[in-house]
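Visitor:
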Amino acid sequence: MLLKPCARWPMNKLVSKAVGAPMPRESARLLVEGRGSYVDDIALPGMLHIAFVRAPFAHGRILCIETADALQMPGVVAAIDGKELAEICAPFDTNPPGVPGHASAPQPPLAIEESCFQGETVVAVVAESRAAAEDAAELVFVDWEELPAACSIAEAQSDSAAAVHSSFDNNLSLHHRFGAEDVSDAFENAAHVVEESFAFGRQTGVTLEPRGIIAHWDPRAEELEVWQSHQVPWQMREVYAAQLGLSPQSIRVVAPDVGGAFGLKLHAYADELAAVAVSKRLGRPIKYIVDRLESFTSDAHAREAKATCRMAVDSEGHILGIDAVVDSGFGAYAMHPRGSFGEAMQAAQMIGAPYKVGAFRAEVRGWRQNKAPSGAYRGVGQPIACAITEDMIDLAARAVGIDPAEMRRINYRSTLDEGTRATQSGLVIEELSLDACLAKLMEAMDYKTLRAGQAALRENGIYRGIGFASFVELTGVGAGLYGPLGLPLAANESCRLTLQPDGSLTCATSVTDQGQGTLSALGQLIAGEFDIAPNMVRMISGDTGRTPYGGGAWASRGMALGGEAARRACVRMRDGLFEVAAGVLQCEPSALAFDNGEIIGLKGPSGLTLAEMGALCHYRPYDIPTGQVPPMTIEESFLPLNLPYITSNGVHAVHLEVDSELGTVELLDYWVVDDCGTVVNPLLVDEQLRGGIVQGIGAALYEECVYSEDGQFTNGTLADYVVPMAGEMPAIHVDHITTPTRASGLGAKGVGEAGTVGAPGAVRTAINDALSPLAARVAKQPFTTRRILEAVMAAENLE
Amino acid sequence: MKSANFAYIRATSLDHALSTLANTEDAIVLAGGQSLVAALNLRLQVPELVVDINHVPGLDQIEIGDDEVRIGPLVRHAQLMASDEATKALPLIGKALPHVAHPAIRNRGTTCGSLAYGDPAAEMPACAVALGATLVLASTDGTREVAAREFFEGLYETQRAPHEMLIEARFPVAPKGARPVFDEVAARRGDFATLGLAGQIHVDSGVIAAFDLVAFGSEPAPLLLENVADIALGKAPNPGLITDLSQAVADQVHPMESPLATPQMRRRQYRALAERCLHAAMEFADV
Amino acid sequence: MSEDTIRFTLNGRDVSVPATTRGHLGDLLRHEFGETGTHIGCEHGVCGACNVVMDGVVVRSCLTLAVQVDGAEIETIEHLGSDHDVAALQNAFVARNAFQCGYCTPGMIMTARELLAGNTAPRREEIRDAISGNLCRCTGYQAIVEAISDAAETLREMADE
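These protein sequences, in sequence, are chains A, B and C.
Per this note's numbering, the first sequence starts with residue 5, numbered consecutively.
Per this note's numbering, the second sequence starts with residue 54, numbered consecutively.
Per this note's numbering, the third sequence starts with residue 22, numbered consecutively.
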């Protein structure tokens, strides 16, 4: 390994030797060996289990609840309803003061008098086993009065709509506008105006490990311990403190190994709060594992939206204006604590984000519905905005008569106009590298050859499509958003780095890892700073009792924010150690460097290894020439000061074949060129992109929570809600452009959502490209066999 | 999602199993269990008694005779798939089995169990109807043989009475030169088919001597397309005939209304699927 | 089977447990024997996370009743690390980063092990087909396919030596 002389690198700009190395995740090997510890793997003495009685109707009034028969069942300890739980637990009140016009009804952990979606929790039956609790739950009698419901967005919008919750007389939960009030000038002067309507089906995250929680209220110590499959333990500590009226200091929340999260495990759920409250009520440890059927009807849903968009372009294809309306389906309650508005807002605000758009206007409305609450799911609104934008770009390119790739190229936004900080929709965007990404992508896919092949095959009635999706991804979103909204959420990420006496390092981080590999990459980064093996760095995460205060995992923040915090902690730690070593070696600190865990001075190896430094500082501080013992624990926290978020960007392309007779889609090839800034570990980043893309393909082709007209979830099993499996997924070619963010010294942006943001748009444009000779188009996602055949057959009937 | 309580008996012999079925109001046979145990977990099935036949000796035999292949009630899909002799004698079964679920399911799931369950989207019932298999039902009253073409009555409805057990499926060995016809449309590999075609065509001396084709997945039960055979018999395979036959398939099916596709869409899909699998089958048959 | 006890071999050990007729093998392994490497993802046979080896073949433990295993031989991920094939797969999964949250991985490795037992040089397409009953929600499957292919190559090299 080549030693980089320290003097060449300013102290605050140290670049880790480990950055960029495709190091395997050795520390996660235990997962491959079945030695992980997920919530359901944990058992506490005296632990009880919950099964919930859930509402059978989309909207209903509870007339009475009888639990006597259930309580007679063997092993049953309690059957608790909403009124009883309300004595010790407050309902969620999810109305961020900073969101104008936002309104959501209070949501108690168990419904009291009124329930507003099928699957809402009504009674908690507590027993010695889950099976016994389920047996007894079947015997709980609830006398229901079914109430009129509003389920689809269209229904919720109509003047005669039933109120989703009796405390409101209409269902509008959010109304906001981005950009100008009037953009008509741009459209009046345009050479072409294209217009399209869009619809996006409801989805859910489908983590393979369902949500789960163990709550243990210790009545003697008056302390609450919670183990929860979750992304943000610190947030949950504050939530439980607020709902149960406890001091946050009396609560410890631990997120052990988490089997996938994708935003779904970012929220506070009524059923999980009920489990915690029941533990407090009974003074016993309570385990509640959401089963697959419950997860479909009660996990956060996402994406349901309708939109219309108009785009004005000049005769050469330059975009002159965008005018859009997005209607988003919120479900029955705003998801606690962050609300349900994020998806709607980003879906509208990020339309056109990669492009110079001229005039911009986007109106967004959010609608309460008698369906499960919607919340964050990987990408949060950005996949919708991207899909709308990319489809409009293709429509405009066709109207102008230029190649869709060229249409993108001439419209890309590279930097903001001089003197401005924000786009017309209010986005603050760093410099972008879309031109470079597209150039690299077109070379990788051999674009010209693909187009020639496509034309030849069309002669034989074979319809192949090539689709592009350029995207801008907001990463590391944080305080700049939540603070002004009045949400009590820490969005900085922290690192507490400790040098142990044996020379090993401990990194306690606020960042959490649900499989992304962030902890391994942080360990790699830290190890690189001292040139030691990654196994010399012990990572601690996901435990409010052991980690510094901070966010956790959402909006692709682990490396962008947590990595920078770790890097800064390393620099400070090293500065302190170099001060000591400089005294011992009688040289300037700037002349020192680490090689293989040892400080190298002007005369080469000094014998001052990390172990020696640890022993010196911890055990023999009197031997330090300056007499100054540097701190052996350093804590750093990071949030970009001048930016509300960091922006990644990239371009996707897909090649696929549509069978116009069967209505099926075969994915032939997939490419993405992504710019997430500094890549710490390409092995992790590339498969993170691929995984995101596959989820985006799922959104495009398969996934939809199908509700009947009366609000019954109709496809709530893994057999019926179709997610991508290996057999149908294409090879995905990943490449990078690297533009480090100027917001941090590390330069890493984020990559967690890049795949999911772009893939639905790429697949949509490719299918529409394939169908173009048939004069057919699809607009409603997912593009199922039925929807493709509907489009093809409707076009045939027009002929 | 834990199953309700039920009693369990491990049958030691066929008689033991049959007498238990005869003596219990609400008993159900557990063979492969790949549909049953899922239904138990979901509490879609809440039987009083589960009769496990997995340890009854002798039920896992595949007998390959000159005229027919006899498949016992514990023959797993994987076992049948791995039997070269069986798939050679029954090429349609060999072609259809890889479409049945996934390896772990095929390791346990039984061919007879799939027949007895009568899932309209399953491949084995369609093959049994296409090949004219005979199903043997046993009870304490004795055994009876039912033609597969009579056995499937509707959605999960068969001629099997609750106290009866399907103890054998007898498939006629394919005549020399007979070709399998099989394809299906499913959302993903191994999923239940949304629609499919299963059949066997026999071209002898340049003309179609036999052709049995079944539509499944979109119908309440496998549908033998008799008119298709009527059109085909005695004719020489050619592209024009394939077009006619494919249209006949589309005309003859009665697809159920489904959120996945309208009947009109199903007919379109059938026509295309038939074109493809008939081209594939007849190209070979021509040689 | 005696009336009130289920006896079987679990990872080479003879074990017994009081017979409860309800419940599936996955829960039995996890909650009675603490073998929590077998994961429960759907309990209706779709996701493959609960795959274990029963009498030499891979089965869905959620579709196998606990009482059914009386007299059977069950192997789970925790104790299969000493098996050459499994070790090769585990090494390849780590090397290729063919897992993220790890929840699907034990079941995926069970499936892959059985594939390689019957096909020492599977093509990518055959690998995808074999694992098409195992849901991974995190990766794009590509790393898994490559890892299984790598493990097959390692095992072929070992067999040649």
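The beta-carbon is built from N, C-alpha and C at its ideal position, and this holds for glycine as well.
When the Cβ atoms of the segment 566-573 of chain A are set against those of the segment 485-505 of chain A, are three or more pairs found closer than 8 Å?
Guide: The answer is yes - the segment 485-505 of chain A touches the segment 566-573 of chain A, with three or more Cβ pairs under 8 Å.
Visitor: Would A:S319 and A:E347 qualify as a contact pair, given that the criterion is a beta-carbon distance under 8 Å?
Guide: For the purposes of this step, residue 319 of chain A is taken as the residue at position 315 of the first sequence. For the purposes of this step, residue 347 of chain A is taken as the residue at position 343 of the first sequence. Result no, Cβ atoms of A:S319 and A:E347 do not sit closer than 8 Å.
Visitor: Can you tell me whether DSSP reads A:M543 as helix, strand or coil?
Guide: Stepping through the first sequence from its first residue, residue 543 of chain A is reached at position 539. Strand, per DSSP.
Visitor: Start and end of the alpha helix (DSSP H) containing C:T175?
Guide: Here the question's residue 175 of chain C lines up with position 154 in the third sequence. From DSSP, the alpha helix (DSSP H) with C:T175 extends over Q163 to D181.
Visitor: Using a Cβ cut-off of 8 Å (strictly closer), state whether A:A135 contacts chain B.
Guide: Numbered from 1 along the first sequence, position 131 holds the residue referred to as residue 135 of chain A. By this cut-off, A:A135 is an interface position.
Visitor: Going by Cα to Cα distance, which pick from A:V257, A:Q386 and A:K375 is closest to A:A304?
Guide: If you number the first sequence from 1, residue 304 of chain A lands on position 300. The candidate whose alpha carbon is nearest that of A:A304 is A:K375.
Visitor: Hey, how far is the Cα of A:S164 from the Cα of A:W371?
Guide: Counting from 1 along the first sequence, the entry for residue 164 of chain A is found at position 160. Counting from 1 along the first sequence, the entry for residue 371 of chain A is found at position 367. If I take the Cα positions, the gap works out to 14 Å.
Visitor: Answer yes or no: do A:Q122 and A:A167 have a C-beta to C-beta separation smaller than 8 Å?
Guide: Numbered from 1 along the first sequence, position 118 holds the residue referred to as residue 122 of chain A. Numbered from 1 along the first sequence, position 163 holds the residue referred to as residue 167 of chain A. For A:Q122 and A:A167, no; Cβs fall outside 8 Å.
Visitor: Examine chain F for any beta-carbon lying closer than 8 Å to the beta-carbon of C:V74, and answer yes or no.
Guide: The question asks about chain F, but that chain is absent: this structure's protein chains are A, B and C.
Visitor: Would you list, in sequence order, the uninterrupted alpha helix (DSSP H) runs of no fewer than 4 residues that lie entirely inside the segment 345-386 of chain A?
Guide: Segments of the alpha helix (DSSP H) lying fully in the segment 345-386 of chain A: 345-353.
Visitor: Under 9 Å between beta-carbons, which chain B residues line up against C:C83? List them in chain order, please.
Guide: Reading the third sequence from its first residue, position 62 is the one you call residue 83 of chain C. Ordered by position in chain B, the residues that pass the 9 Å Cβ test against C:C83 are V90, A91 and N94.
Visitor: What residues in the segment 37-70 of chain C have a beta carbon less than 7 Å from any beta carbon of chain B?
Guide: Cβ contacts with chain B: T42, R43, G44, H45, E64, H65, G66 and G69.
Visitor: Could you please tell me which residues of the segment 293-314 of chain B, in chain order, have their CB closer than 8 Å to any CB of chain A?
Guide: Cβ contacts with chain A come from P312, L313 and A314.
Visitor: Please say whether A:I157 and A:Q373 have beta carbons closer to each other than 8 Å?
Guide: In the first sequence, counting from the first residue as 1, residue 373 of chain A sits at position 369. In the first sequence, counting from the first residue as 1, residue 157 of chain A sits at position 153. Cβ distance < 8 Å, so A:Q373 and A:I157 count as in contact.
Visitor: When the Cβ atoms of the segment 155-175 of chain B are set against those of the segment 241-250 of chain B, are three or more pairs found closer than 8 Å?
Guide: They touch, by the three-pair rule.
Visitor: Report whether the distance from the Cβ of A:R500 to the nearest heavy atom of the ligand FMN is below 7 Å.
Guide: Among the components of this structure there are no ligands whatsoever, and the ligand FMN is therefore not found.
Visitor: Output the distance between the C-alpha atoms of B:Q317 and A:R791, rounded to the nearest integer angstrom.
Guide: In the second sequence, counting from the first residue as 1, residue 317 of chain B sits at position 264. In the first sequence, counting from the first residue as 1, residue 791 of chain A sits at position 787. Using only the alpha carbons, I get a separation of about 13 Å.
Visitor: Within the same chain, show all residues whose beta-carbon is closer than 6 Å to that of B:V182, passing over the 5 residues directly before and after it, in chain order.
Guide: Here residue 182 of chain B refers to the residue found at position 129 of the second sequence. Excluding sequence neighbours, B:V182 sits near A201, R202, V267, P275 and L277.
Visitor: Ends of the alpha helix (DSSP H) at C:H105?
Guide: Within the third sequence, numbered from 1, the residue matching residue 105 of chain C stands at position 84. C:H105 -> alpha helix (DSSP H) spans H105 to A116.
Visitor: In its own chain, which residues sit with a C-beta less than 7 Å from the C-beta of C:V107, not counting the 5 before and 5 after it?
Guide: Counting from one through the third sequence, the residue named residue 107 of chain C turns up at place 86. Here the set comprises L101, I130 and R134.
Visitor: Whole angstroms are fine: how far does the CA of A:G40 sit from the CA of A:T548?
Guide: Here the question's residue 548 of chain A lines up with position 544 in the first sequence. Here the question's residue 40 of chain A lines up with position 36 in the first sequence. Rounded to the nearest angstrom, the two C-alpha atoms are 20 Å apart.
Visitor: If you run the structure through DSSP and keep just helix, strand and coil, what is C:I130?
Guide: Along the third sequence, one-based indexing puts residue 130 of chain C at 109. C:I130: helix per DSSP, three-state reduction.
Visitor: Are A:A309 and A:D327 touching if we call contact CB-CB under 8 Å?
Guide: Translated into the one-based positions of the first sequence, residue 309 of chain A becomes position 305. Translated into the one-based positions of the first sequence, residue 327 of chain A becomes position 323. No, these two residues do not count as a Cβ contact at 8 Å.
Visitor: B:R320: buried (16+ other C-beta within 10 angstroms of its C-beta) or exposed?
Guide: In the second sequence, counting from the first residue as 1, residue 320 of chain B sits at position 267. It is buried - the Cβ of B:R320 has at least 16 other Cβ atoms within 10 Å.
Visitor: Check the Cβ-Cβ distances between C:S170 and every residue of chain A, and say whether any is below 8 Å.
Guide: Numbered from 1 along the third sequence, position 149 holds the residue referred to as residue 170 of chain C. Not one chain A Cβ lies under 8 Å of C:S170.
Visitor: Three Cβ pairs or more, each shorter than 8 Å: is that satisfied between the segment 186-199 of chain B and the segment 111-120 of chain C?
Guide: Not touching, per the Cβ criterion.
Visitor: Could you tell me the distance, in whole angstroms, from the CA atom of A:G356 to the CA atom of C:T126?
Guide: By one-based count along the first sequence, residue 356 of chain A stands at place 352. By one-based count along the third sequence, residue 126 of chain C stands at place 105. Spanning the two alpha carbons is a distance of roughly 39 Å.
Visitor: From the beta carbon of B:S66, is the nearest beta carbon of chain C less than 8 Å away?
Guide: As a first step, residue 66 of chain B must be located in the second sequence, where it is residue number 13. Answer no: the Cβ-Cβ gap between B:S66 and chain C never drops below 8 Å.
Visitor: Going by the CB atoms, is the gap between A:G86 and A:L52 shorter than 8 Å?
Guide: Stepping through the first sequence from its first residue, residue 52 of chain A is reached at position 48. Stepping through the first sequence from its first residue, residue 86 of chain A is reached at position 82. No, they are not a contact pair.
Visitor: Taking contact to mean at least 3 C-beta pairs separated by less than 8 Å, is the segment 615-630 of chain A in contact with the segment 694-703 of chain A?
Guide: The segment 615-630 of chain A is not in contact with the segment 694-703 of chain A.
Visitor: Return the CA-CA distance between C:S37 and C:R28, expressed in angstroms with no decimal places.
Guide: For the purposes of this step, residue 37 of chain C is taken as the residue at position 16 of the third sequence. For the purposes of this step, residue 28 of chain C is taken as the residue at position 7 of the third sequence. Their Cα atoms are separated by approximately 4 Å.
Visitor: Taking only runs of the beta strand (DSSP E) that begin and end inside the segment 533-579 of chain A, which ones reach a length of at least 3 residues, in chain order?
Guide: Runs found: 541-544.
Visitor: What do you get for C:C83, buried or exposed, if any count of 16 or more other CB atoms within 10 angstroms of its CB means buried?
Guide: Here residue 83 of chain C is taken as the residue at index 62 of the third sequence, counted from 1. Buried, because 16 or more other Cβ atoms sit within 10 Å of the Cβ of C:C83.
Visitor: Can you tell me the Cα-Cα spacing of A:T718 and A:Y711, whole angstroms?
Guide: Walking along the first sequence from the start, residue 718 of chain A turns up at place 714. Walking along the first sequence from the start, residue 711 of chain A turns up at place 707. In a straight line, the C-alpha of A:T718 is about 6 Å away from that of A:Y711.
Visitor: Note the first and the last residue of the continuous beta strand (DSSP E) segment covering B:D79.
Guide: Sequence index remark: in the second sequence, residue 79 of chain B carries index 26 (1-based). Looking at the DSSP string, B:D79 is not in any beta strand (DSSP E), and its letter there is neither H nor E.
Visitor: What in chain B is Cβ-close to A:V710, meaning under 8 Å?
Guide: Residue numbering aside, residue 710 of chain A sits at position 706 when the first sequence is read from its first letter. Going along chain B in sequence order, the residues near A:V710 (Cβ under 8 Å) are P312.
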